[in-house]
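Note sheet for the following structure.
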Amino acid sequence: MTGRHDGRRIRLGMVGGGEGAFIGAVHRIAARLDDRYEIVAGALSSTPERSARSAEALGLARSYPDFAGMAREEAARPDGIEAVSIVTPNHLHAAAAHAFLDAGIHVICDKPMTATLGEARALAEHARRSGLVFALTHNYTGYPMVRQARDMVREGRLGAIRVVQVEYAQDWLAEAFEETGNKQAGWRTDPARAGAGGCIGDIGTHAFNLAAFVTGIAAEAVSAELTTFVPGRRLDDDVRAMLRYAGGARGSLWASQVAVGEENEVRLRVYGTAGGIDWCQRDANRLSYTPLGGVRQVLTRNGAGAGEANRRASRVPAGHPEGYLEGFATIYSDAADAILAARGGLAQGDPGFPSVADGVAGLAFVEAAVRSSAEGGAWTEVMLR
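Note that the sequence shown covers residues 25 to 409 in the working numbering.
See below:
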């Protein structure tokens with residue numbers, strides 16, 4: 025992984041990610057993988073006691089009982105944090121992000137960006153006005169072969185896009201796991217904390233974003249069916265959606281958390297007038313490409329035929345697998361480049377990683393799909409503005 029590096033780690037804080045949290049540890053590993061950040065402060069849990077215990081266990085220099093106090097006090101310190109990683113349940117993303125933007129601190133936020141579309145739009149406007157870096161950790165966009173696929177589409181090697189097929193299937197909520205006291209299942213199936221979408225917000229937004237990142241085309245309308253298979257569950261656990269894209273392309277999206285036997289099956293297929301590509305996380309270091317009338321080719325991470333984006337997101341030679349953690353780390357390193365550029369007064373331009381615009385698009389998709397499903401699958405406009 026290459027990029028600008030001034031030799032000093034960016035001081036990073038974290039909100040959420042304390043005792044019993046899964047994704048916080050992933051973010052901490054990702055932030056340190058390329059040696060771009062030093063985590064020095066946190067408001068890690070919902071109670072001061074758990075926050076303090078979590079901070080002590082991680083060896084953090086400073087622990088705070090809440091994110092508002094953390095933002096205020098860190099902004100006042102000469103050695104305060106320069107960026108914050110927000111890894112709380114969805115309903116806290118917006119308030120935390122606003123607090124740190126107000127304090128002049130760059131934001132790296134887990135997905136979905138907020139719990140509602142209204143929150144997402146307001147946050148996007150705040151981020152734009154602030155001029156600060158805002159990165160959204162749709163980590164699958166950090167895979168080298170996904171970056172390669174995106175560049176191939178941009179270069180016209182697929183021609184005009186006709187068909188987009190994307191899916192994300194897993195089985196961990198095939199039973200009422202939330203009733204066992206599991207913290208992760210509990211908030212993900214709670215409308216007050218997750219928002220209006222369950223599966224669609226948790227992993228459906230990943231699939232939606234992956235398709236948009238690679239193809240570069242916007243979804244204009246959706247016809248969706250959201251199903252809750254597990255009795256008593258308050259949010260959807262299976263999503264089937266048809267998509268109409270700008271320019272006439274058509275797509276389908278399937279996301280499920282009750283697909284028994286599937287662990288985390290993420291797959292994207294894109295077909296154009298001149299070729300097609302096929303990528304899946306299970307074999308993440310390979311990308312299948314078939315030119316129209318030609319022989320199917322298999323491109324590899326950092327291997328022969330790798331493009332610049334592929335190589336830039338790779339850390340080790342071809343044949344050595346990279347995956348989930350490295351995908352997160354790529355976004356953290358891209359955000360570090362953007363933070364250094366902002367520090368130097370340089371314009372950000374296209375950040376190359378998911379940002380607030382992607383966050384708004386994800387929530388617009390969720391809202392449209394929920395509305396469509398409630399209306400029997402009626403075609404519903406994806407309202408970006």
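All C-beta atoms, glycine included, are put in the ideal place defined by N, C-alpha and C.
Three-state secondary structure assigned by DSSP to residue i
i, result
"GLU399", "coil"
"SER75", "helix"
"ASP361", "helix"
"GLY272", "helix"
"ARG28", "Low confidence applies here, because ARG28 scores a pLDDT of 49, under 50, leaving its location unreliable; read the following figure in that light. Coil, per DSSP."
"VAL380", "helix"
"ALA99", "helix"
"VAL390", "helix"
"GLU191", "strand"
"ARG367", "helix"
"THR354", "helix"
"GLU405", "strand"
"THR138", "coil"
Option nearest residue i by Cα separation, candidates the options
i, options, result
"GLU405", "GLU244, TYR313, VAL340", "GLU244"
"GLY219", "PRO113, GLU202, ALA235, ILE34", "PRO113"
"GLY41", "LEU277, ARG395, ALA95, ILE110", "ILE110"
"GLY128", "ARG33, ARG153, PHE232", "ARG153"
"ALA359", "SER87, VAL380, GLU289, ALA265", "VAL380"
"ILE355", "ALA148, PHE158, GLU106", "PHE158"
"GLY329", "GLY155, MET169, PHE124", "MET169"
"ASP258", "GLU203, GLY142, ALA76", "A small correction: the amino acid at residue 258 is Arg; Asp does not occupy that position in the sequence shown. The shortest Cα separation from ARG258 among GLU203, GLY142, ALA76 belongs to GLU203."
"ALA92", "LEU82, THR71, ALA119", "ALA119"
"ALA283", "ALA265, GLN194, ARG306", "GLN194"
"GLN305", "PRO345, ASP260, ARG32", "PRO345"
"GLU98", "ALA67, ASP58, VAL254", "ALA67"
"VAL108", "SER78, ASP58, ARG171, VAL39", "VAL39"
"PRO375", "ARG409, ALA392, PRO255, SER357", "SER357"
"ALA366", "LEU156, ARG86, ARG77", "LEU156"
"VAL416", "GLY180, PHE232, ASN206", "Here the chain covers residues 25 to 409 and nothing more, so residue 416 does not appear."
N- and C-terminal bounds of the beta strand (DSSP E) containing residue i
i, result
"ILE227", "Premise fails: ILE227 is in no beta strand (DSSP E) and is neither H nor E."
"PRO113", "Counting along the chain, PRO113 falls outside any beta strand (DSSP E), and DSSP gives it neither H nor E."
"ALA184", "It is not in any beta strand (DSSP E) - ALA184 carries neither H nor E in the DSSP assignment."
"ALA200", "Element bounds for ALA200: n/a, residue is neither H nor E."
"MET38", "34–39"
"GLY66", "61–67"
"THR324", "321–324"
"VAL131", "130–133"
Limits of the unbroken alpha helix (DSSP H) element including residue i
i, result
"TRP211", "207–212"
"ASP175", "168–178"
"ALA159", "Segment 158–160 is the beta strand (DSSP E) holding ALA159; no alpha helix (DSSP H) there."
"ALA216", "215–218"
"ALA151", "141–154"
"GLY48", "47–57"
"LEU125", "117–126"
"ALA333", "332–336"
Integer-rounded CB distance, given that residue j should sit under 8 Å from residue i
i, j, result
"LEU277", "GLY331", "So it is not a contact: roughly 26 Å between Cβ atoms."
"ASP175", "ALA333", "5 Å"
"TYR164", "GLY351", "6 Å"
"ARG74", "GLU106", "In fact, because the Cβ distance is near 26 Å, the residues do not count as touching under 8 Å."
"TYR269", "ALA298", "So it is not a contact: roughly 17 Å between Cβ atoms."
"LEU147", "HIS122", "7 Å"
Item checked: Minimum length 4: unbroken alpha helix (DSSP H) runs contained in the segment 233–312 -> none
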